[in-house]
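Student: To start, I am sharing the structure in question, which I have written as structure tokens.
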Amino acid sequence: MEYTMIFLVCSTLVLMCSTPYAQIVGSPSSSPAPAPAPGFVNLTDLLTVAGPFQTFLNYLESTKVIETFQNQANNTEEGITLFVPKDSAFSSLKKPSLANLTAGQLKSLCLFHALPHYYSLAEFTNLSKVSPITTFAGGQYTLNFTDVLGTVHVGSGWTNTEVSSSVHSTDPIAIYQINKVLLPEAIFGTDIPPTPAPAPSPDIAPAADTPASDIGRGSSPKSSPSSSSHRIIGSSPWSYLVLAISGGLVLLFFGNSSPANEDDISGSVKLILNGAGYAR
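Quick note, the sequence shown lines up with residues -22 to -1, 1 to 258 if you use mature numbering (1 follows the signal peptide of the UniProt record, and there is no 0).
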């Protein structure tokens, strides 16, 4: 009887303990789902469709530099910043020429157009304060940056250009369009020809200036009446005065000397002077 009671008690305890454990073991684990792999940007495809960059892309592919840039974008936390010249930048480049560069120099030239770090446009304001910045080519291959009222200028000694547009700017890849090929001093030397002075602006005569011939033709008719009127006005009183004196003398010598005649002479003189404006 005692063994029966002990068996029942043990069985009850086993059943009571097994139920919670069964629930714990049977419940599924709530581990988070793995994050999706980041989507990589294919630089070759992007440069092919984003703009007129085929010449630069051909150089990147022929030197295998495109693989270096792609690996930097995909497998590093630093990212990459590219400065991509337009096709017209290469066609307008006369001196110095890229045709005489060795394979190693051409590769360094391509690497010179990239920074081994992602930089947004806003970061160039601070970047300009710590220039020069070492490029992907390393060593003496450095670039200078200046920010003028929000416009980023890139300088290499031989080249001074500006970032004309942002082609792609999403971490870890930034691609900026430039209008000139960046030429490093490490390849082309420091004997940089002076920048040609801007052409002088043509002298433009003020609108008020009139040729002398036009002045002579235009002003002489106006001045002639003015001067002649001055002469007429100035000589009229004298003419009346001369006429008065002449008339008085004629009447004095050829007229009668009676008081009546003298009164006539005096009246005639006054009449003439009144016409001249001298009589009071």
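Note that CB positions come from ideal geometry on N, CA and C, so glycine has one too. This one's a predicted model, so the numbers in the text were calculated from it and none came from an experiment.
Please report how far the alpha carbon of Ile44 lies from the alpha carbon of Ser142, in whole angstroms.
Tutor: The residue you call residue 44 lines up with position 66 of the sequence shown. The residue you call residue 142 lines up with position 164 of the sequence shown. Distance between the alpha carbons of Ile44 and Ser142: 22 Å.
Student: Compare the Cα-Cα distances from Asn138 to each of Ile156, Asp149, Ile151 and report the closest residue.
Tutor: Residue mapping note: residue 138 aligns to position 160 of the sequence shown, counting from 1. Asn138 has its Cα closest to that of Ile156, out of Ile156, Asp149, Ile151.
Student: Using alpha carbons as the reference points, say which of Tyr96, Thr80, Ala67 lies closest to Ala152.
Tutor: Your numbering for residue 152 matches position 174 in the sequence shown. The option with the nearest alpha carbon to Ala152 is Tyr96.
Student: Along the beta strand (DSSP E) that carries Ala115, what are the first and last residues, could you check?
Tutor: Sequence index remark: in the sequence shown, residue 115 carries index 137 (1-based). Careful: Ala115 lies outside any beta strand (DSSP E) and carries neither H nor E.
Student: Count the C-beta pairs between the region 157 to 165 and the region 121 to 137 that are closer than 8 Å, then say yes if the count reaches three, no if not.
Tutor: Yes, since at least three Cβ pairs between the region 157 to 165 and the region 121 to 137 fall closer than 8 Å, the two stretches touch.
Student: Is Ser147 closer than 8 Å to Ser98 when the C-beta atoms are compared?
Tutor: Locating residue 98 in the sequence shown gives position 120, counting from the first residue. Locating residue 147 in the sequence shown gives position 169, counting from the first residue. Result yes, Cβ atoms of Ser98 and Ser147 sit closer than 8 Å.
Student: Which residue's Cα is closest to the Cα of Ala100: Asp125, Asn78, Leu71?
Tutor: Sequence index remark: in the sequence shown, residue 100 carries index 122 (1-based). Ranking Asp125, Asn78, Leu71 by Cα distance to Ala100 puts Asp125 first.
Student: According to DSSP, what are the bridge partners of Thr54?
Tutor: Working through the sequence shown from its first residue, we reach residue 54 at position 76. None; Thr54 has no bridge partner.
Student: Is it true that the CB of Leu60 sits closer than 8 Å to the CB of Ala92?
Tutor: Position 114 of the sequence shown, counted from the first residue, corresponds to residue 92. Position 82 of the sequence shown, counted from the first residue, corresponds to residue 60. Yes; because the gap between Cβ atoms is below 8 Å, this pair is in contact.
Student: Is it the case that the Cβ atoms of Asp169 and Gly57 are separated by a distance below 8 Å?
Tutor: Within the sequence shown, the letter at position 191 stands for residue 169. Within the sequence shown, the letter at position 79 stands for residue 57. No, they are not a contact pair.
Student: Tell me whether Leu160 sits in a helix, a strand or coil according to DSSP, three-state version.
Tutor: One-based indexing of the sequence shown puts residue 160 at position 182. Reduced to three states, the DSSP call for Leu160 is coil.
Student: Return the CA-CA distance between Phe31 and Ser86, expressed in angstroms with no decimal places.
Tutor: Locating residue 31 in the sequence shown gives position 53, counting from the first residue. Locating residue 86 in the sequence shown gives position 108, counting from the first residue. Approximately 18 Å, taken between the alpha carbons.
Student: Return the chain-ordered list of same chain residues with a C-beta closer than 6 Å to the C-beta of Gln83, the five sequence neighbours on each side being excluded.
Tutor: Counted from its first residue, the sequence shown places residue 83 at position 105. Answer for Gln83: Ile165, listed in chain order.
Student: Applying the 10 Å Cβ sphere with the 16-neighbour rule, what's the burial state of Gln118?
Tutor: To locate residue 118, count along the sequence shown from 1; it is residue 140. Burial call: exposed.
Student: Assuming the contact rule is C-beta atoms closer than 8 Å, Asp21 and Phe47 should be a hit. Round their C-beta distance to whole Å, please.
Tutor: Residue 21 sits at position 43 when you count from the first residue of the sequence shown. Residue 47 sits at position 69 when you count from the first residue of the sequence shown. Per the sequence shown, residue 21 should be read as Leu rather than Asp. Leu21 to Phe47, Cβ: 6 Å. Contact.
Student: Leaving aside the five residues before and after Thr33 along the sequence, list all residues of the same chain whose C-beta is less than 7 Å from its C-beta, in chain order.
Tutor: Here the question's residue 33 lines up with position 55 in the sequence shown. Around Thr33: Asp65, Phe68.
Student: Excluding sequence positions up to five away, which residues of its chain have a Cβ less than 6 Å from the Cβ of residue 285?
Tutor: Past the edges of the chain, shown from -22 to 258, lies residue 285, and the structure says nothing about it.
Student: Would you say Thr112 and Thr120 are within 8 Å of each other, going by their C-beta atoms?
Tutor: In the sequence shown, the residue the question calls residue 112 occupies position 134. In the sequence shown, the residue the question calls residue 120 occupies position 142. Yes. Within cutoff.
Student: Would you identify the three-state DSSP class for Ala92, choosing helix, strand or coil?
Tutor: What you label residue 92 is simply residue 114 of the sequence shown in a count that begins at 1. Ala92: strand per DSSP, three-state reduction.
Student: Look up Asp125 in the DSSP assignment and give the residues it is bridged to.
Tutor: As a first step, residue 125 must be located in the sequence shown, where it is residue number 147. Val130.
Student: Please state whether DSSP places Ala67 in a helix, a strand or coil.
Tutor: Translated into the one-based positions of the sequence shown, residue 67 becomes position 89. Ala67: helix per DSSP, three-state reduction.
Student: Taking the straight line between their C-alpha atoms, what separation do you get for Leu25 and Leu35?
Tutor: As a working note, residue 25 is residue 47 in the sequence shown. As a working note, residue 35 is residue 57 in the sequence shown. Cα to Cα, Leu25 sits roughly 7 Å from Leu35.
Student: May I ask which residues mark the beginning and end of the beta strand (DSSP E) holding Val141?
Tutor: The sequence position of residue 141 within the sequence shown is 163, counting from 1. Taken as a continuous stretch (DSSP letters only), the beta strand (DSSP E) holding Val141 covers 138 to 148.
Student: Could you check the C-alpha separation between Ser109 and Gly128 for me, to the nearest Å?
Tutor: Translated into positions along the sequence shown, residue 109 becomes position 131. Translated into positions along the sequence shown, residue 128 becomes position 150. A straight-line Cα-Cα distance of about 17 Å links Ser109 and Gly128.
Student: Mind checking which residues open and close the alpha helix (DSSP H) that includes Thr80?
Tutor: As a first step, residue 80 must be located in the sequence shown, where it is residue number 102. Run containing Thr80: none; DSSP gives neither H nor E here.
Student: Along the chain, where does the alpha helix (DSSP H) containing Ser40 start, and where does it finish?
Tutor: Position 62 of the sequence shown, counted from the start, is the residue given in the question as residue 40. Run containing Ser40: 32 to 40, per the alpha helix (DSSP H) assignment.
Student: Is DSSP giving Val19 helix, strand or coil here?
Tutor: In the sequence shown, residue 19 corresponds to position 41, counting from 1. DSSP places Val19 in coil when its eight states are reduced to three.
Student: Where DSSP assigns a beta bridge to Thr59, which residues make up the other side?
Tutor: On the sequence shown, residue 59 is found 81 positions in, with the first residue counted as 1. The partner list for Thr59 (beta bridge, DSSP) reads Leu93, Ala152.
Student: Quick check on Ile44: does DSSP put it in helix, strand or coil?
Tutor: Taking the first residue of the sequence shown as position 1, residue 44 is located at position 66. Helix at Ile44.
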